[in-house]
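Below is one structure, written out as C-alpha cells, with a few remarks after it.
There are 2 protein chains.
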Amino acid sequence: MKVMILGADGYLGWPLSLRLMARGHEVIGVDNFATRKSVKEVGSDSAIPILSMENRVKAAKDIHGYNMKFYRGDITKYGVLHKIIKEEKPDTVVHFAEQRSAPYSMINAKHAAYTMSNNIIGTINLIYAIMDIDPKIHIVKMGTMGEFGTPNFDIPESPFVDVEINGRKDRITTPKFAGSWYHWTKVHDTNNILFANKAWKITTTDIMQGPVYGTRTKEITDKKLHSRFDFDEVWGTVVNRFTVESVLGIPLTAYGAGGQIRGYLSLEDSMEALRLLVENPPESGSYRSANQFVELLSINEIADIIQKAAKKHGIDIGVEHMENPRIEADRHYYNPEIKVLPALGFHPKLKMADLSEQLVKDVMPYKARMNKFRERILPHTNWRRVENAR
Amino acid sequence: MKVMILGADGYLGWPLSLRLMARGHEVIGVDNFATRKSVKEVGSDSAIPILSMENRVKAAKDIHGYNMKFYRGDITKYGVLHKIIKEEKPDTVVHFAEQRSAPYSMINAKHAAYTMSNNIIGTINLIYAIMDIDPKIHIVKMGTMGEFGTPNFDIPESPFVDVEINGRKDRITTPKFAGSWYHWTKVHDTNNILFANKAWKITTTDIMQGPVYGTRTKEITDKKLHSRFDFDEVWGTVVNRFTVESVLGIPLTAYGAGGQIRGYLSLEDSMEALRLLVENPPESGSYRSANQFVELLSINEIADIIQKAAKKHGIDIGVEHMENPRIEADRHYYNPEIKVLPALGFHPKLKMADLSEQLVKDVMPYKARMNKFRERILPHTNWRRVENAR
Chain A
11 MKVMILGADG YLGWPLSLRL MARGHEVIGV DNFATRKSVK EVGSDSAIPI
61 LSMENRVKAA KDIHGYNMKF YRGDITKYGV LHKIIKEEKP DTVVHFAEQR
111 SAPYSMINAK HAAYTMSNNI IGTINLIYAI MDIDPKIHIV KMGTMGEFGT
161 PNFDIPESPF VDVEINGRKD RITTPKFAGS WYHWTKVHDT NNILFANKAW
211 KITTTDIMQG PVYGTRTKEI TDKKLHSRFD FDEVWGTVVN RFTVESVLGI
261 PLTAYGAGGQ IRGYLSLEDS MEALRLLVEN PPESGSYRSA NQFVELLSIN
311 EIADIIQKAA KKHGIDIGVE HMENPRIEAD RHYYNPEIKV LPALGFHPKL
361 KMADLSEQLV KDVMPYKARM NKFRERILPH TNWRRVENAR
Chain B
11 MKVMILGADG YLGWPLSLRL MARGHEVIGV DNFATRKSVK EVGSDSAIPI
61 LSMENRVKAA KDIHGYNMKF YRGDITKYGV LHKIIKEEKP DTVVHFAEQR
111 SAPYSMINAK HAAYTMSNNI IGTINLIYAI MDIDPKIHIV KMGTMGEFGT
161 PNFDIPESPF VDVEINGRKD RITTPKFAGS WYHWTKVHDT NNILFANKAW
211 KITTTDIMQG PVYGTRTKEI TDKKLHSRFD FDEVWGTVVN RFTVESVLGI
261 PLTAYGAGGQ IRGYLSLEDS MEALRLLVEN PPESGSYRSA NQFVELLSIN
311 EIADIIQKAA KKHGIDIGVE HMENPRIEAD RHYYNPEIKV LPALGFHPKL
361 KMADLSEQLV KDVMPYKARM NKFRERILPH TNWRRVENAR
C-alpha cells in the first residue's frame, strides 16, 4: 500500500511512518515543521533530542533499511498539497498535519486564529485535492475524543444518533462540545468531512483519539529513531508532563480536583491501532468514526501511577492540586464506546501502570536538558482569565 | 447608543446603518468592500446601481442629515479590528462582515478555504477584541436559519435542547447540519461563540435569519440611498433572482421539485427586527439565539407570487424546474419557532405577496443593465458534481 503521511515529523507521524514501512508499505512523508517551530516559540523543546527529518530518514535507512520519501510543504497552500498528491497518487492519506496543542490555541487572538485557519484549511484542501485527483483515496484523519467533551451519555462511534426533540424524532450528528479552540477545530473538521461525505462520498476514517503517552515503539530501537517528547504546559500532555516533573523533583501539577477522566493509550498501542485503520479501510464512499483509547483514567489515578513509578527509581514526589487553567469539568460521567478497533483485531498490549517505570527511565538521561525548560512546566496559559484574551 | 456595523457596505449593512441613524444612534461603519469585488469576480453586478461608500455617506448627510463615520478595513486582520474598536468604544458591534454566498463557497477549493478562513477568523478576532477592550460590548452576529438544515424537529431558538441518547439524558447544543461551506462557517461561528460565552461570558445575540428580499426601507427615499440588489446564480437569493428573471423574460429557475421551504422576510422587516435586537440587548454575559423570518414559503409558492406580480406588469412568465445544483431536500418538514422577536415587539408589516408587485417595478428601470449579466443567472455551480471540486 502507498501511504502519504501529512505531519510525518510529529510525535505520532514519525513512529507511524516507521511502523508502516516495517509492514512493507511505501511511505511518503509531508511536513512543514510547524511543531518544531511552535515548541521553540513558547521557550521549550522536546525532552528527548530528535534528529532533523533528513537525518531521521537516513537513520531509518541505515538501521532498518527503510526507504522513506519526504516532502517539506505546507498543506494550507492548496497548490503545494495538490502537486504532491498528484505526483505520488497514494492509496491512503493519513492527516496529522494540524496544530495539536489546546493551550497553544488559547494563548491569544493570533494563536486562536492560526489554529482555526491552519487546521480547517488543511482539511478542506485535502478534501478538494483527493476529489480532483482520485476520490477513491482513503483519508485517515486524526480527530480527538475531546470533540465530545464529557457528555452524560455513552459516547458512540457512530457519526449519527437517533433522538427525540420536543416530541419529534430525528437523526442528528453525534453531539459535541469541545473545551478549547484546538478541540473545536477538530469538531469543525468532523462536520466539514461529514458534509463532504454526504456531497461527494469521500472515503474517510475519522479517529477520535485519547491522549497518547510514551517513548517507544517496536521500531524505535535506536536513539537516532526517537520521536519527540514534549512536557511543557503548552505541548506536553499530562502523562509526559508528570513523568518529567517526577524526574526533575517538581510536585506533579494536577489541574483542579483531578477527577477529569480521559481515554489514554501508549504510543505503541496507538501505532497498532493506526496501522489497523490504514490497512483496513471502510467501504468505499463511507465515513467511519473510530474511538481510539485503551484505558480510562482520572488525573488522580495517573498521578498515582507516576508517583509509584518514580518511587521505584528512588524518587519521592508529591502531587500539587492547582487551580484548573482549563475549561473542563473535574467530576463527570465518561463512558466512550470502543468497537471499531477491536473488530479489526486491536489487542492493546500495555497499560499505563506497566509502562510507567520505563517511561521515567527513558527520560532520566535528559534531566539536564529538561531542567533548562523547567520554568515552562507550570501553567502560564489560563483559559478562563479575561486578560489572557489579548 | 453607539453602534459599530462590520460589513456596513452590504445589502443589510447599509440599510441598517440608515435605520439606526434614523433612530438617533451613532453609527460607525466598517467594510473592506469584499462583496463588491466578489460579485464582479463572478462576472455580475448589483441590478440596482449603488454609490460608492464615500458618496453614500455624503448622500445620507445631504438627504437625511445623518452623520456616519466609516472605516475601510479587513476584520480578519486582528490589529485593524482592535484599533477601530478601541478608538470608537461602541456599545454594540453588529457583525455582518462575512462572505455570504453559499454558491460562492462551493466554486472550488480556493473559494471554500477563503469562506472558511474569512468568516471564522473575523468572528474569532471580534471575540478577542471585545474581550480585551470591553467585554460588556454586545455582539449582534448574523447567522442563518440554514445552520439547522431541514430537521424533522421544530427548530427551537434555545441554543441547547434536552435529549436522551441510548437511555441517558443530556443537554446538547441544538443540532445543526448545513448544506454548503458557507452555511457550515455559520455553524462553526455559532459553536465558537457558544464556547466563548461559556469561557468568558461574552454578551451575544446570534441571529438565525432566513433569506431577505426587497429593495426598500423607510429610509431609502432616494436613488442615491439604494442598497445593492444581487440576482445572479452566485449572489442572488431566490426571490431577487425570480424578480429579475421575470423582467428579463427568463422562465423562473426553480431548483429541483420546488418543495424547499424557508422562512423569508422583507428588507424592511429585517431592519425592524435588527433594530429591536440592537436596542434590546440580552442580559449581560448571556447568549441569545433569535430565529428571524416572517413567513414560511416553498420555492413553488414564491414562483407563483412572482408570476402573479409580473402578470400585473403585463409579463407572462413560466417556471422551469431544473436539476437542483444544491445539496438539499426538496420535500421536508419545516417548523422553526419564533418567540424572541415577537416578545420584543416585532410586528412584521409585509408579506411577499404584498411586496412582489413593487419589487418587479423597482428593478424594471434597470432592465438593460441586468441584461448585460443575463448569462450569469442560470446555475453554473453544481455542488454535487465531482469535477466541480477543482
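Chains as they are written, first to last, in my numbering: chain A, 11 to 400; chain B, 11 to 400.
Positions of the beta carbon are idealized from the N, C-alpha and C atoms, including for glycine.
Since the structure is predicted, the reported quantities are computational estimates derived from the model, not experimental observations.
query: Using 9 Å as the limit for Cβ to Cβ distance, is S127/B near chain A?
result: Counting from one through the second sequence, the residue named residue 127/B turns up at place 117. Using beta-carbon distances, S127/B counts as an interface residue toward chain A, with a partner under 9 Å.
Residue nearest to I387/A in terms of C-alpha spacing, selected from G266/A, L258/A and V222/A: Position 377 of the first sequence, counted from the start, is the residue given in the question as residue 387/A. Looking at G266/A, L258/A and V222/A, the one whose alpha-carbon comes closest to that of I387/A is L258/A.
task: Identify which residue in K186/A, G295/A and G153/A has its Cα closest to the Cα of A171/B.
output: Translated into positions along the second sequence, residue 171/B becomes position 161. The sequence given here places Val at residue 171/B; Ala does not occur at that position. Nearest C-alpha to V171/B: K186/A.
message: Can you tell me whether H411/B is helix, strand or coil according to DSSP?
response: Residue 411/B lies beyond the residue range present for chain B, which begins at 11 and ends at 400; the question has no answer from this structure.
- prompt: Would you say E174/B reaches chain A, if we count a Cβ-Cβ gap shorter than 9 Å as a contact?
  reply: For the purposes of this step, residue 174/B is identified with residue 164 of the second sequence, where counting begins at 1. Cβ-Cβ to chain A under 9 Å: yes for E174/B.
query: Which residue or residues does DSSP assign as beta-bridge partners of H323/B?
result: Along the second sequence, read from residue 1 onward, the residue named residue 323/B stands at position 313. According to the DSSP secondary-structure assignment, H323/B is paired through a beta bridge with no residue.
- prompt: By the criterion of Cβ-Cβ separation under 9 Å, what are the contact partners of V197/B in chain A?
  reply: Counting from 1 along the second sequence, the entry for residue 197/B is found at position 187. H198 and N201, listed in chain order.
field: Continuous beta strand (DSSP E) assignments of at least 3 residues falling wholly in the region 53 to 92 of chain B
entry: Uninterrupted beta strand (DSSP E) stretches at least 3 residues long and entirely within the region 53 to 92 of chain B occur at 79 to 82, given in chain order.
- prompt: Going by Cα to Cα distance, which pick from I175/B, G23/B and Y124/B is closest to F80/B?
  reply: In the second sequence, counting from the first residue as 1, residue 80/B sits at position 70. Closest option to F80/B, Cα to Cα, is G23/B.
- request: Report buried or exposed for R400/A, applying the criterion of at least 16 other Cβ atoms within 10 angstroms of its Cβ.
  value: For the purposes of this step, residue 400/A is taken as residue 390 along the first sequence, with counting starting at 1. Residue placement at R400/A is flagged as unreliable, the pLDDT there being 43, under the threshold of 50; a coordinate-derived value is accordingly withheld.
message: Is the beta carbon of L136/B closer than 9 Å to that of L91/B?
response: Position 81 of the second sequence holds residue 91/B. Position 126 of the second sequence holds residue 136/B. Taking 9 Å as the cut-off, the beta carbon of L91/B is found closer than this to the beta carbon of L136/B.
Cα-Cα separation, E330/A to V248/A: The residue given as residue 330/A occupies position 320 in the first sequence. The residue given as residue 248/A occupies position 238 in the first sequence. Using only the alpha carbons, I get a separation of about 13 Å.
- prompt: Do the CB positions of I402/A and Y265/A come within less than 9 Å of each other?
  reply: Residue 402/A lies beyond the stretch modelled for chain A, which goes from 11 to 400, so this question has no answer here.
task: Could you have a look at D142/A and say whether DSSP puts it in helix, strand or coil?
output: For this step, residue 142/A is matched to residue 132 along the first sequence. Helix.
field: Local conformation of N128/B per DSSP, three classes
entry: On the second sequence, residue 128/B is found 118 positions in, with the first residue counted as 1. When DSSP states are grouped into helix, strand and coil, N128/B belongs to the helix group.
- request: Indicate whether at least one CB of chain A lies closer than 9 Å to the CB of S27/B.
  value: Taking the second sequence and counting its residues from 1, one reaches residue 27/B at position 17. No, its Cβ sits nowhere closer than 9 Å to a Cβ of chain A.
field: 9 Å Cβ cutoff, V171/A in contact with chain B
entry: Sequence index remark: in the first sequence, residue 171/A carries index 161 (1-based). Yes - at least one Cβ of chain B is within 9 Å of the one on V171/A.
query: In three-state DSSP terms, what is A399/B?
result: Start at 1 with the first residue of the second sequence, and residue 399/B comes out as number 389. Its pLDDT being 49, under 50, A399/B is placed unreliably by the model, and the measurement read from it follows with that caveat. When DSSP states are grouped into helix, strand and coil, A399/B belongs to the helix group.
- request: Assign N176/A to one of two classes, buried (16 or more other C-beta atoms within 10 Å of its C-beta) or exposed (fewer than that).
  value: Residue mapping note: residue 176/A aligns to position 166 of the first sequence, counting from 1. N176/A is exposed by the Cβ-count criterion.
message: Could you compute how far the alpha carbon of P5/B sits from the alpha carbon of H236/B?
response: This structure leaves residue 5/B out entirely; chain B is present only between 11 and 400.
task: Give a yes or no on whether the C-beta atoms belonging to L365/A and S280/A are separated by under 9 Å.
output: In the first sequence, residue 365/A corresponds to position 355, counting from 1. In the first sequence, residue 280/A corresponds to position 270, counting from 1. No; because the gap between Cβ atoms is not below 9 Å, this pair is not in contact.
- prompt: Of all the residues that make up the region 62 to 90 of chain A, which are near chain B by a beta-carbon distance shorter than 9 Å?
  reply: Within the region 62 to 90 of chain A, contact with chain B at the beta-carbon level (separation under 9 Å) is assigned to T86 and Y88.
query: Taking only beta-carbon atoms, is N22/A less than 9 Å away from chain B?
result: The sequence position of residue 22/A within the first sequence is 12, counting from 1. Before going further, note that residue 22/A is Leu rather than Asn in the sequence given. Residue-level contact by beta carbon fails for L22/A and chain B, as no gap is shorter than 9 Å.
Helix, strand or coil at F170/B [DSSP, three-state]: Residue 170/B sits at position 160 when you count from the first residue of the second sequence. Strand.
message: Could you compute how far the alpha carbon of P291/A sits from the alpha carbon of M31/A?
response: For the purposes of this step, residue 291/A is identified with residue 281 of the first sequence, where counting begins at 1. For the purposes of this step, residue 31/A is identified with residue 21 of the first sequence, where counting begins at 1. It is roughly 18 Å from the alpha-carbon of P291/A to the alpha-carbon of M31/A.
- request: Please confirm if P166/A has its CB atom under 9 Å from at least one CB of chain C.
  value: Although the question refers to chain C, the structure presented lacks it and instead comprises the protein chains A and B.
- request: Going by CA-CA distance only, name the one from E167/A, H323/A and E36/A that's closest to V103/A.
  value: Mapped onto the first sequence, residue 103/A falls at position 93. Nearest C-alpha to V103/A: E36/A.
task: Kindly indicate which residue of M218/A, F239/A, K87/A and I95/A has the alpha-carbon position closest to the one of D372/A.
output: Looking up residue 372/A in the first sequence gives position 362. Ranking the options by Cα distance to D372/A, first place goes to F239/A.
Helix, strand or coil at I212/A according to DSSP, with G and I counted as helix: Taking the first residue of the first sequence as 1, we reach residue 212/A at position 202. Here DSSP, grouped into helix, strand and coil, assigns I212/A to coil.
- prompt: If you measure from the beta carbon of L16/B to each beta carbon in chain A, is any gap under 9 Å?
  reply: Taking the second sequence and counting its residues from 1, one reaches residue 16/B at position 6. By this cut-off, L16/B is not an interface position.
Cutoff 9 Å: G189/A Cβ touching any chain B Cβ: Mapped onto the first sequence, residue 189/A falls at position 179. Look at G189/A: its C-beta is under 9 Å from a C-beta on chain B.
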